[in-house]
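Here's the structure, in structure tokens; my notes come after.
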RNA sequence: GGACCCAUAGUUCAGUUUGGAUAGAAUGGCUGCCUGCGGAGUAGUUGGUCGAGGGUUCAAAUCCCUCUGGGCCCGCCA
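Residue numbers (this note's numbering): 1 to 637.
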């Protein structure tokens with residue numbers, strides 16, 4: 001949008017002025033100044049020329065600006081119409097002010113008439129995003145939620161910018177954690193149904209069985225032997241054990257999906273680890289690794305009898321154990337190969353469920369009934385695996401192996417993020433952690449975590465209370481839906497607004513806040529826009545932006561005109577938080593505008609019409625941004 | 001022991017990629033603003049040796065080095 005053109009013209013001006021002094025290939029930057037008094041863009045080139053020209057920055061800046069003025073006076077039509085003024089500042093900067101009349105009218109037609117349909121950055125590039133992938137032995141806690149929210153937000157942003165996105169959820173249904181559950185059901189005789197019928201099955205397994213079984217391992221080591229034998233049976237495909245395990249894991253998975261769908265995540269495909277292990281896929285991968293001499297069988301030393309990979313950075317890693325079972329990392333290799341296209345997709349697929357957004361969720365299947373028309377899932381040109389930073393080393397090894405297998409492996413990226421910790425206050429409320437500790441690691445195994453549904457439920461109650469207080473007329477289903485959407489927005493926003501690589505210190509009380517820099521704040525600004533538009537009775541928005549001249553109006557216009565830049569930055573840097581920050585700033589600017597200037601009550605009809613059009617533009621951009629981060633815009637709240 | 005990550009206001013965090021003008025929000029505390037288009041808002045105030053030290057530079061929260069503190073990973077676990 002227009003801000004980019006403005007910046008490009010500022011650059012032209014500098015380039016032109018430099019050429020007049022016969023200076024070429026000088027690098028400089030044009031950035032936004034810290035204060036708006038200075039202008040809308042600033043260039044630092046004068047600082048960089050002090051040695052060459054033996055003059056002060058201010059003298060140089062003045063000379064350059066003079067050159068431009070001189071030229072501009074003679075050739076008004078040539079360039080610079082997005083620029084309203086250029087000035088040398090005493091500090092040495094060259095400051096540009098934008099022509100907001102022009103930019104205002106351009107963005108108003110971009111947004112109001114073209115409906116933001118210009119975001120084709122992907123050009124149908126095929127992208128895979130794998131996220132969630134929670135072991136099917138427990139319910140989700142807030143740590144998992146961060147994964148889901150990051151993954152789903154990536155999906156939304158990529159999709160909106162015209163990438164062909166396939167979302168995968170990998171189900172590790174044959175690992176130790178499932179074996180733990182089997183120990184509980186088969187040896188410790190936990191009933192198949194929880195005593196309390198209201199309790200979700202995933203919570204029953206995670207909170208009661210999984211934690212209890214792990215406690216008992218300490219007291220009764222024979223249970224660990226039992227787990228080991230169950231694990232082996234799982235891997236080798238023992239029919240009875242597998243059918244039972246599959247029943248349990250599917251039930252847990254189904255309940256997990258309820259939570260994921262609740263916060264508006266969605267998937268295209270479930271891949272089951274058991275299917276990969278028992279298919280030819282693993283066999284083929286194993287053969288390929290041997291054939292390409294990427295792995296070797298150890299004939300001496302500690303790892304005798306194992307197939308190992310020599311990583312340049314990580315040393316020797318065992319891929320296949322001496323008892324011929326595959327390690328955790330090994331099981332990920334065929335999946336990665338499938339994603340990037342070095343191995344063929346041999347699976348059959350079936351529709352697993354219909355989702356909240358009316359799309360099909362598919363799943364791999366072991367039977368041969370897969371003769372159905374279905375989407376092509378693999379491979380992708382770019383595949384993203386969302387897993388927390390603790391798995392970085394393993395992901396690096398997988399990448400290293402991929403690169404050895406083929407030079408033209410499509411791009412495989414580990415999308416890393418920091419884990420979620422409990423704040424000391426929240427930990428204390430659970431009876432964990434000393435007074436000195438700043439935060440506490442969650443552990444599903446030890447039962448130290450905040451359950452995802454619990455957070456959502458608590459936030460929902462709070463939102464409901466607040467909504468009733470403010471809007472007594474909202475009742476029944478409307479009230480429930482509104483409260484739920486507010487709760488989701490609070491949680492999603494709090495998990496996406498921070499830097500990816502930093503850990504989040506999750507605090508139960510803070511995260512219930514519906515004020516300040518929060519999801520509901522954004523929704524509130526949007527709802528205000530809606531009410532204004534509704535009350536204006538405007539059918540169309542042809543307000544002339546030339547009538548807007550106050551500082552705050554120009555700040556909004558400027559911010560709106562940067563929308564496409566933010567989207568591009570988000571895609572280039574793969575930083576979903578940029579969208580959240582942009583939306584927050586837009587909401588803040590709008591609230592100030594709303595506070596300071598009359599809109600519907602403005603007497604001058606031209607100004608009023610222009611302001612209403614501005615509100616509509618803000619509303620539309622806010623709406624797109626909210627949807628990108630998975631927050632539902634509400635007309636009322 | 002080796003690898004990686006983090007450190008900014010009482011608290012939670014932006015800003016570091018690409019060095020630049022008086023380091024910004026939110027929250028907490030205090031004080032204002034609805035006979036105004038929705039107060040989930042807004043205005044003000046309080047609060048900072050940008051972990052420490054050195055270096056590069058006209059200029060460092062930002063780049064480099066050293067150190068300190070915290071985290072995380074390094075298994076024939078997943």
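By construction, the Cβ of each residue, glycine as well, lies at the ideal position given by its N, Cα and C atoms.
query	result
Excluding the 5 residues preceding and the 5 following residue 101 in the sequence, name in chain order all residues of the same chain whose CB lies nearer than 7 Å to its CB.	545, 546
Using the three-state DSSP reduction, which class does residue 500 fall into: helix, strand or coil?	coil
Going residue by residue through the region 7-62, where are the continuous alpha helix (DSSP H) segments of at least 4 residues, counting only ones entirely within it?	45-48, 50-53
What whole-angstrom Cβ distance do residue 138 and residue 206 have, given they're in contact under 8 Å?	3 Å
Given this structure, state the Cα-to-Cα distance separating residue 392 from residue 634, to the nearest angstrom.	39 Å
To which residues of the same chain is residue 353 closer than 6 Å at the C-beta, ignoring the five residues directly before and after it?	361
For the beta strand (DSSP E) containing residue 167, name the first residue and the last one.	164-171
To the nearest angstrom, how far is the alpha carbon of residue 420 from that of residue 432?	16 Å
Rounded to the nearest angstrom, what separates residue 506 and residue 425 at their Cα positions?	10 Å
According to DSSP, which residues form a beta bridge with residue 307?	297, 320
Residue 382 bridges to which residues according to DSSP?	127, 411
Considering only their Cβ atoms, is the gap separating residue 343 from residue 319 smaller than 8 Å?	no
Could you tell me the boundaries of the alpha helix (DSSP H) in which residue 621 lies?	605-628
Got a sec? Which residues, its chain only, sit under 7 Å from residue 593 by beta carbon, not counting five neighbours each side?	552, 553, 556
Would you give the residue range spanned by the beta strand (DSSP E) that residue 272 belongs to?	269-272
If we count the other Cβ atoms within 10 Å of its Cβ and call it buried at 16 or more, is residue 200 buried or exposed?	buried
Report the three-state DSSP secondary structure of residue 506 (helix, strand or coil).	strand
Within a Cβ cutoff of 6 Å, which residues of the same chain sit near residue 259, ignoring the five residues on either side of it in sequence?	140, 452, 453
Taking three-plus beta-carbon pairs below 8 Å as touching, is the region 306-323 in contact with the region 264-282?	no
Answer yes or no: do residue 631 and residue 519 have a C-beta to C-beta separation smaller than 8 Å?	yes
Report the option in 11, 364, 481, 496 whose CA atom is closest to the CA atom of residue 147.	496
Quick check on the burial criterion: 16 or more other C-beta atoms within 10 angstroms. Buried or exposed for residue 143?	buried
Counting along the chain, where does the alpha helix (DSSP H) carrying residue 580 start and finish?	577-596
When we look at the beta-carbon of residue 670 and count the other beta-carbons within 10 Å, is it buried (16 or more) or exposed?	Nothing in the structure corresponds to residue 670, since the chain is present only between 1 and 637.
Fully enclosed by the region 234-268, which alpha helix (DSSP H) runs are 4 residues long or longer?	239-262
Helix, strand or coil for residue 547 per DSSP?	helix
Looking at residue 378 and residue 364, is the spacing between their C-beta atoms short of 8 Å?	no
For residue 376, which three-state DSSP category applies?	coil
From the DSSP secondary-structure annotation, give me the bridge partner or partners of residue 348.	365
If you compare alpha carbons, which of 20, 180, 528, 155 is closest to residue 591?	528
Residue ranges of each beta strand (DSSP E) run of no fewer than 3 residues wholly in the region 460-490, ordered along the chain?	none
What's the gap between the Cα of residue 459 and the Cα of residue 155?	25 Å
Could you give the residue range of the beta strand (DSSP E) that holds residue 83?	83-88
Is residue 373 buried or exposed, if buried means 16 or more other CB atoms sit within 10 Å of its CB?	exposed
In this structure, what does DSSP give as the bridge partners for residue 448?	443
Can you tell me whether residue 421 is helix, strand or coil according to DSSP?	strand
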